[in-house]
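Single-structure report; data block below.
Have a look at this one:
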């Protein structure tokens, strides 16, 4: 009886997997390395190279320039790539599981839960290590995302726009909790600062855990088809032989791990998981399997671009990348919403 | 029909607790109605008691000392601030939830608080601490309120009218604008010195002790007027909460009415946020409790109950935390906490949205 | 009567409704039938001014639905959509009472109360009148909604698939009620129906739509023709004579 039934679904907000022609699908399956894709990959590599050489520290003329290059520049660029891929792909998974394109980990409260986890960790353990912080963040993200998915499954929704609204409200509740904790326990400004995602402090020894994201990515690629099926809803997926619950748990774990690590190492990276998958599917349609590499690559490119911007805009001072993402992301999100409303059937 | 009636009365009515006379009332049974009035009285009484307690209890200064009245006066200011907050949040949230046919969202979603934080942080960031402290006074207050209402007008007017008017879309966009502003505010906050940060922090959490009584002569009539306006629109609100189609079928001009009502909500929210700072989940908590205490669709009854609950909640919370636990700054946060908890509970128990 | 002239509506480039030209006379039940996507609901919504048309004009009893004040229209025309979700705690009586809003704006007079009682009794909801809507079965709730729009006492009543989610007994009951309402209260009722046999049994006239156009309009006898219906529904339909009138077999 308790099913996720979406009435009045506006056509754009729901993945139209059913419209996929089986022949088209198998054709696209082989053609991941199309010319546009190769161009995209090259562009991203180019951005990466630009990122390697952007920065205040003069690596060419200073003595330890080369050292710095290896200690900060390379790790930073790698961190960017991994984070971009992670956030973009977790966004995609969230779309699938919730059957709603307007959600992503930062708009369903996952990041806020990660933040709460960090607060708890700081509270319970003096001077926590990176691993401890990460674990706390991951655990809490997992719980938070589960709550949201659980909520979605048990409630009949009449409009797909309600989902992100509820998600965001959930996020504000959790961040109110966090604020309360920080105030009550008189924690310092630094704890609030985790929320400002920035790649500035990335250096060797700090970022290695992001490599776990590679494993997450591989798992996502392997399970891509099954996750797609999960996106069709519990009933359809089960009748197609997919263990829906386990798949949701898996998706949840993947999201929590990715977001948790990013949260602990980098901070809050807003809107990426929303914008990148939406733009990709606006251009290419809704085939997950072939969109995945694109989403990955575009995610990397976007965040690298934003980070370069962050470093350059106010030289020699650095802006945190989350500010740029937050502002640009908000604008792009609104544009996406407005573009869709024109094609809605409305009174 | 008269035979039916006599049949019914002969059988002693359908259900003893339900009404046997064939008249429409806001409540479905006498029992419900009685319960409503009892609860209303109780809440009001609690509110009044807590108010008296706040004003007179534990006054460090003896009654006959010359500084007794000033202390009372200062406390009175806080009480009036609570009254305003209760009025604004209760009416605004109930109205907003009816108009959106959704009992999970609150008008705070429309970004008032983000705008407020943004303005406060921005001033501190750009002009320094002295400027922030000086940014008070009627002028500054009305600038803030004016800015918020203008933003709301733009949002509503642009997104609600015309061929593609969609309430949910407008909400979502309001939220995103809020998030965007939060990003920028967060960034600015990060650049502050710790002392400046603390100065800001106190302003950003809802607190009645922050309220400046200087504004009262302007704010109170404004709020009262708006609230009365909403109250007398109860009948229309009842129909509007049935949804766009049904309301239009009954001859109510949906769009025009909604925009007008949302502007009233904007006025209330902007005022209370500028006066006291943000209180995101207070309204939600109050509304949720009112629907339980007043089991009716009729706003004529929901509004007063909401106000009574809001007022008693606020005054009692302050009284307890101030006098019994000795802490004052945390009240806003604690109320938010409970409101947030209420939100989580409602979300997890909801069946349909 | 309802007069539609050149009404058109575009959804996307491929999807369009119209041009519609039809005159639906007063009194009795007119059914709107047709396959999915024919535009029946859209047409109904346009007549009921819940949807704006892109071109054309619709007048009901001489009043233009786009230019006349909504409140004036509410006294001659009412429409009930398929999906109705009410969040608030409403009893049946309170819901039906809303039907009086165009006249009393929420302040119910004694006269209003009598009228409300009349329609509650008419739909056999008397025992349920103080129950909350979510305490009713689907069929009972549907009756309450229809009672609400009938309580508005408008000459023209538009109903979009009122028989959805009703089992056979309830559906028959509903159509019986509507037929009686049309006769006893002299209303003109326009219903969108999926089941042609219900349409055949209870209507005075049938309007068939297809691909956004009006394919046929006439009496039951004229429309219940095998070639016509087969063409409209794009499937083989035979007509046989049943105990109550023509029956479509498919």
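Chains as they are written, first to last, in this note's numbering: chain F, 1 to 347; chain R, 1 to 353; chain E, 1 to 250. We put the beta carbon where it would ideally sit given N, CA and C, even for glycine.
Coarse secondary structure for residue i, derived from DSSP in three states
| i | result |
| --- | --- |
| residue 56 of chain E | strand |
| residue 9 of chain E | strand |
| residue 3 of chain E | strand |
| residue 101 of chain R | coil |
| residue 291 of chain F | helix |
| residue 340 of chain F | helix |
| residue 377 of chain R | As displayed, chain R neither begins before 1 nor continues past 353, which places residue 377 of chain R out of reach and without an answer. |
| residue 286 of chain F | coil |
| residue 83 of chain E | coil |
| residue 19 of chain E | strand |
| residue 102 of chain F | coil |
| residue 67 of chain E | coil |
| residue 66 of chain R | coil |
| residue 54 of chain F | coil |
| residue 163 of chain E | coil |
| residue 57 of chain R | coil |
| residue 249 of chain E | strand |
| residue 28 of chain E | strand |
| residue 158 of chain E | strand |
| residue 202 of chain F | coil |
| residue 176 of chain R | helix |
| residue 76 of chain E | coil |
| residue 111 of chain R | coil |
| residue 242 of chain E | strand |
| residue 302 of chain F | helix |
Residue burial classification, residue i (beta-carbon count within 10 angstroms, cutoff 16)
| i | result |
| --- | --- |
| residue 294 of chain F | buried |
| residue 100 of chain E | buried |
| residue 138 of chain E | exposed |
| residue 63 of chain R | exposed |
| residue 305 of chain E | An answer regarding residue 305 of chain E cannot be provided, because it is not within the stretch 1 to 250 covered by chain E. |
| residue 58 of chain R | exposed |
| residue 267 of chain R | buried |
| residue 64 of chain F | exposed |
| residue 244 of chain E | exposed |
| residue 349 of chain R | exposed |
| residue 143 of chain E | buried |
| residue 14 of chain E | exposed |
| residue 245 of chain R | buried |
Own chain partners of residue i with C-beta closer than 6 Å, once the 5 adjacent residues on each side are dropped
| i | result |
| --- | --- |
| residue 68 of chain R | 61 |
| residue 190 of chain E | 30 and 158 |
| residue 246 of chain E | 200, 224 and 239 |
| residue 134 of chain E | none |
| residue 84 of chain R | 223 |
| residue 16 of chain E | 10 and 212 |
| residue 254 of chain F | 216 |
Sequence-distant residues of its chain with Cβ nearer than 7 Å to residue i (five each side left out)
| i | result |
| --- | --- |
| residue 23 of chain F | Note that residue 23 of chain F scores 39 on pLDDT, short of 50, meaning its location in the model is unreliable; the coordinates nonetheless yield the value given after this. Closer than 7 Å at the Cβ level, and outside the excluded window around residue 23 of chain F, lies no residue. |
| residue 175 of chain F | 112 and 115 |
| residue 250 of chain R | 239 |
| residue 86 of chain R | 307, 310, 311 and 314 |
| residue 88 of chain F | 272, 273, 276, 277, 295, 296, 298 and 299 |
| residue 75 of chain R | 54 and 55 |
For residue j and residue i, believed in contact at Cβ under 8 Å, the rounded distance
| i | j | result |
| --- | --- | --- |
| residue 227 of chain F | residue 96 of chain F | 5 Å |
| residue 106 of chain F | residue 141 of chain F | Incorrect: roughly 11 Å between the Cβ atoms, too far for contact. |
| residue 153 of chain R | residue 174 of chain R | The pair is not a contact, with the Cβ atoms about 12 Å apart (cut-off 8 Å). |
Own chain partners of residue i with C-beta closer than 8 Å, once the 5 adjacent residues on each side are dropped
| i | result |
| --- | --- |
| residue 219 of chain E | 204, 205 and 206 |
| residue 308 of chain F | 47, 50, 51 and 54 |
| residue 72 of chain R | 55, 56 and 59 |
Discussion item. Suppose only complete runs of 4+ residues qualify. What are the alpha helix (DSSP H) ranges in the segment 278 to 343 of chain R, listed by chain order?
Written reply: 282 to 293 and 299 to 319
Worksheet entry | Inside the segment 183 to 240 of chain E only - alpha helix (DSSP H) runs reaching at least 4 residues | DSSP runs (the alpha helix (DSSP H)) wholly in the segment 183 to 240 of chain E: 196 to 202, 220 to 223 and 226 to 233.
Worksheet item: What are the complete beta strand (DSSP E) segments, minimum 3 residues, inside the segment 64 to 135 of chain F?
Response: none
Item to complete: Can you check the segment 110 to 151 of chain E for any alpha helix (DSSP H) of at least 4 residues that lies completely inside it and give the ranges in chain order?
Response: 110 to 122 and 138 to 151
Worksheet item: Whole alpha helix (DSSP H) runs in the segment 229 to 275 of chain F with 4 or more residues, listed along the chain?
Response: Counting whole runs of 4 or more residues, the segment 229 to 275 of chain F contains the alpha helix (DSSP H) stretches 234 to 239 and 244 to 265.
Fill in: Every unbroken alpha helix (DSSP H) inside the segment 119 to 144 of chain R [4 residues or more]
Here the runs fully enclosed are 129 to 134.
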